[in-house]
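Sequential numbering of the sequence shown, starting at 24, is according to our numbering.
Ideal Cβ placement from N, Cα and C applies to all residues, glycine included.
This structure is a prediction, so every number in the text was calculated from the model and none was measured.
Here is the structure we will look at.
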Amino acid sequence: MATITPEFRFRRLRRTSVLRSLVRQNSIQAEDLILPLFVEEEITEPVAISSMPGVVRYPESQLADVVQRAWSKGIRAILLFGVSHQKDEAGTDTWNADGLMARCIRTAKQAQPEMVVISDNCFCEYTDHGHCGVLCEGSHEGLDVDNDLTLGNLQKQAVVAAEAGVDMIAPSTMIDGMVAAIRQGLDEAGFQHIPVMSYSTKFASAFYGPFRDAVDSTFKGTRSTYQMDPANGREALAESMQDEMEGADILMVKPGLAYLDVIANIRQHSERPLAVYHVSGEYAMIKASAAAGVIDEQAIVMETMMAFKRAGCDLIITYYAEQIADWLKAS
Ligand code: PBG
Numbered sequence: 024m025a026t027i028t029p030e031f032r033f034r035r036l037r038r039t040s041v042l043r044s045l046v047r048q049n050s051i052q053a054e055d056l057i058l059p060l061f062v063e064e065e066i067t068e069p070v071a072i073s074s075m076p077g078v079v080r081y082p083e084s085q086l087a088d089v090v091q092r093a094w095s096k097g098i099r100a101i102l103l104f105g106v107s108h109q110k111d112e113a114g115t116d117t118w119n120a121d122g123l124m125a126r127c128i129r130t131a132k133q134a135q136p137e138m139v140v141i142s143d144n145c146f147c148e149y150t151d152h153g154h155c156g157v158l159c160e161g162s163h164e165g166l167d168v169d170n171d172l173t174l175g176n177l178q179k180q181a182v183v184a185a186e187a188g189v190d191m192i193a194p195s196t197m198i199d200g201m202v203a204a205i206r207q208g209l210d211e212a213g214f215q216h217i218p219v220m221s222y223s224t225k226f227a228s229a230f231y232g233p234f235r236d237a238v239d240s241t242f243k244g245t246r247s248t249y250q251m252d253p254a255n256g257r258e259a260l261a262e263s264m265q266d267e268m269e270g271a272d273i274l275m276v277k278p279g280l281a282y283l284d285v286i287a288n289i290r291q292h293s294e295r296p297l298a299v300y301h302v303s304g305e306y307a308m309i310k311a312s313a314a315a316g317v318i319d320e321q322a323i324v325m326e327t328m329m330a331f332k333r334a335g336c337d338l339i340i341t342y343y344a345e346q347i348a349d350w351l352k353a354s
């Protein structure tokens with residue numbers, strides 16, 4: 024039998040681990056990660072989130088320690104979510120200078136001034152109905168969010184966060200015009216230097232299920248009148264390009280793993296830094312299958328992070344941030 028000779032031998036660069044790392048095209052570092060933190064008012068002990076083992080709602084009194092712990096592990100950015108006990112129709116606590124979000128920002132900045140403190144700018148954890156803005160009469164499908172009334176509230180919220188010392192504003196409402204409104208609001212208040220990381224392409228996704236537990240959401244209904252239809256790839260690009268035009272400093276795709284095509288497409292059309300949100304359902308699925316003993320948790324997480332990098336992300340928002348930082352240190 025004649026020997027068959029391949030045309031090219033890719034395996035030449037796979038022969039040793041040193042060679043493989045020499046030609047590795049992507050890497051993960053703790054500085055690429057953003058850690059989401061849930062802070063609930065009026066509690067004294069952390070509250071476990073059953074669907075997200077390892078993630079808790081922290082009392083305000085522990086936030087400073089948590090920020091310092093994350094910093095010592097090498098985490099350089101946090102994304103703050105408040106779990107409010109002061110809910111009302113419009114979510115007014117979000118623009119109260121002594122409200123939960125403003126207090127958390129001040130506490131985090133005081134604990135570690137160099138930490139990049141990012142506020143999730145939404146209303147759903149502060150409204151009694153759980154929607155991401157001011158309600159209006161919708162179509163036959165029920166109540167809806169009033170786009171333009173919500174824009175004014177977003178401006179107020181962003182300015183209060185900036186006054187409290189936030190380093191970056193991350194609007195997640197998927198309200199049309201949100202980036203332009205926030206940019207204008209910040210600029211007029213003298214915060215030209217504060218960047219906006221827009222949740223620019225955010226889908227109406229079942230992968231947010233466990234997050235609703237995490238923030239103790241009262242929400243019933245659908246966000247499909249403002250968040251994107253998972254079926255739409257072209258619109259996904261248009262949403263992010265619109266936010267870039269409105270002045271977004273960083274774009275984002277959310278959720279992650281089911282939308283790698285969207286990430287790759289935005290990467291090809293924009294030179295802005297691109298973030299991905301590895302969301303609660305993605306976290307919960309890995310944790311549950313690891314607990315069932317059917318996967319290698321660390322290997323699955325690192326492969327997932329690498330997929331985000333390969334698709335074109337610069338930044339990764341993940342509940343695994345601290346664990347990944349620990350793994351990176353140990354390796
Ligand atoms: C608020 C918000 C949500 C998430 C982040 N910000 C929930 C939603 O839009 O319903 C989801 C985060 C996650 O699932 O990890 N609008």
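Residue closest to residue i, alpha-carbon to alpha-carbon, out of the options
i    : options                : result
D204 : G232, T196, A187, G175 : A quick correction: the sequence has Ala, not Asp, at residue 204. Measuring from the Cα of A204, the nearest candidate turns out to be G175.
N255 : F242, M124, G244, V285 : V285
A100 : L56, T248, K110        : L56
P253 : F242, H301, V324, S228 : S228
V46  : E54, R34, A53, Q52     : R34
C145 : E68, M201, A93, P233   : M201
I66  : L86, E258, H301, D169  : L86
V276 : I323, T341, S240       : T341
D239 : L60, E68, G153         : G153
F234 : R80, T26, S44          : R80
A184 : G161, I289, D199, A131 : A131
E68  : V89, E54, A53, D143    : V89
A287 : L123, S263, C336, E64  : C336
A298 : A311, D272, Q321       : D272
H301 : M325, Q133, Q207       : M325
M264 : C155, E294, M24, A311  : E294
Integer-rounded CB distance, given that residue j should sit under 8 Å from residue i
i    : j    : result
P218 : M191 : 5 Å
P296 : L338 : 6 Å
I141 : M220 : 7 Å
A120 : E186 : 7 Å
T117 : Q180 : 4 Å
V157 : V168 : 7 Å
Q133 : Q91  : Actually they are not in contact, since the Cβ atoms of Q133 and Q91 sit about 11 Å apart, beyond 8 Å.
Through-space distance from residue j to residue i, alpha-carbon basis
i    : j    : result
A313 : D319 : 6 Å
D171 : S40  : 56 Å
A71  : P29  : 55 Å
V189 : V62  : 16 Å
Y231 : G304 : 6 Å
E243 : Q250 : Residue identity differs from the one stated: residue 243 is Lys in this sequence, not Glu. Going from the Cα of K243 to the Cα of Q250 covers about 15 Å.
H163 : T248 : 12 Å
I323 : S354 : 16 Å
D111 : R333 : 42 Å
G114 : V317 : 42 Å
G270 : G165 : 33 Å
E211 : Q48  : 42 Å
H216 : F31  : 51 Å
V348 : R257 : Sequence inspection shows Ala at residue 348; the Val mentioned does not correspond to that position. Between A348 and R257, the C-alpha separation is close to 35 Å.
R11  : T327 : Outside the modelled stretch of the chain, which goes from 24 to 354, sits residue 11, for which no answer is possible.
A193 : T26  : 60 Å
L177 : A259 : 22 Å
A315 : I309 : 10 Å
A53  : C159 : 43 Å
S44  : M24  : 37 Å
According to DSSP, residues forming a beta bridge with residue i
i    : result
C159 : D167
K225 : K277
P253 : Paired residue(s): none; P253 is not in a bridge.
A100 : V139
Distance cut-off 8 Å: residue i Cβ against heavy atoms of the ligand GTP
i    : result
V302 : Although the ligand GTP was asked about, the structure shown includes only the ligand PBG as ligands.
Below 8 Å, can you find three or more Cβ-Cβ pairs linking the region 222–234 to the region 146–154? no
Pairing CB atoms from the region 121–128 with CB atoms from the region 92–109, are three or more of them under 8 Å? yes
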